[in-house]
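**Q** In the working numbering, the protein residues as written are -1 to 235.
Glycine included, each C-beta is placed from N, C-alpha and C at the ideal position.
Treat the numbers as computed from the prediction; the structure is a model and nothing was measured.
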Amino acid sequence: MKKQNTFVMANRKEKKEEFFKTHIIAMIAIVFALLLFNQLQISSISNSFNSVSYSIKKLSPDKIDEIKSTAQAVAALFPVENIKTEQDAINIMISQGTPEYGKAMGISFDDPVAALELLAKNYNYVKSDIKQNYPDVWERYLNLATKPVGISCEFCCGVGPVGINKKGDLICGCSHNPALQTLTMLLMKDTDYTDSEILREALRWKALWYPRDMVGIALKASGGKIETQLPGMVGGC
């Protein structure tokens, strides 16, 4: 009887050990499956972000019709791929000195407030002159400025990346909006810049007037952090 009990106990012990081994293997398999699933999810999310970033950065500057936001315009027209730090973004987006057209217009990057006031003050005159005397420039202006490319005061008034309606009238009358429109029209009238070059100049001035937002957009487009300590707006609204 004692031998039989010993056999039964041994058998039970063996079955118990087999039971635990089976469950341990099953648990390991479950953990492995969860790890694999999580890795696949992370990879999928990463690929999704990389895909979006790649498509934005590879947008050619001459593809203005494909630009759907200020962020896309910045990514297309500025070397955001070279941004590694906030200072890099500042160096790329915040201009200094006087542009080649600045002397004729009486504006300089070094005095963005004076430039803002001068451009905004002359909006009605410039608009009337171009609309009446340069119909081809007026049509070209409407074609560019009514697209969501960022020629607007979107960061202080919330009008979005378009600052005029289809007729060319201001959606918002704050000083930043007419200043940007005046600049755009004058660049079309008085320079041989392409639409992409004109848009880039408009965004350079916009970056001086909205440094925090524009530098933040450049940082975001480069894949970096969005936070920046720059002021939100320069010049009165």
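May I have the straight-line CA-CA distance separating P176 from E199, to the nearest angstrom?
**A** P176 and E199: Cα-Cα distance of roughly 15 Å.
**Q** Just to confirm my understanding: we take A118, look at its own chain, exclude 5 residues before and 5 after, and list those with CB closer than 6 Å. What are they?
**A** S173, P176 and A177
**Q** Between which two residues does the alpha helix (DSSP H) containing V147 stretch?
**A** It is not in any alpha helix (DSSP H) - V147 carries neither H nor E in the DSSP assignment.
**Q** Is it the case that the CB of G156 approaches a heavy atom of the ligand GTP more closely than 7 Å?
**A** Among the components of this structure there are no ligands whatsoever, and the ligand GTP is therefore not found.
**Q** To test your reading of the DSSP string, which unbroken beta strand (DSSP E) runs of 3 or more residues are found completely within the region 134 to 183?
**A** none
**Q** For a test of the three-state rule: what should DSSP assign to E84, helix, strand or coil?
**A** helix
**Q** If you drop the 5 nearest sequence neighbours on each side, which residues of the same chain put their C-beta closer than 7 Å to that of S44?
**A** Confidence is the limiting factor: at S44 the pLDDT is only 33, short of 50, which leaves the residue's position unreliable and the question unanswerable from this model.
**Q** Take D134 as the anchor and find which of D193, P77, L201 and K187 has the nearest alpha-carbon.
**A** K187
**Q** Tell me whether D211 sits in a helix, a strand or coil according to DSSP, three-state version.
**A** helix
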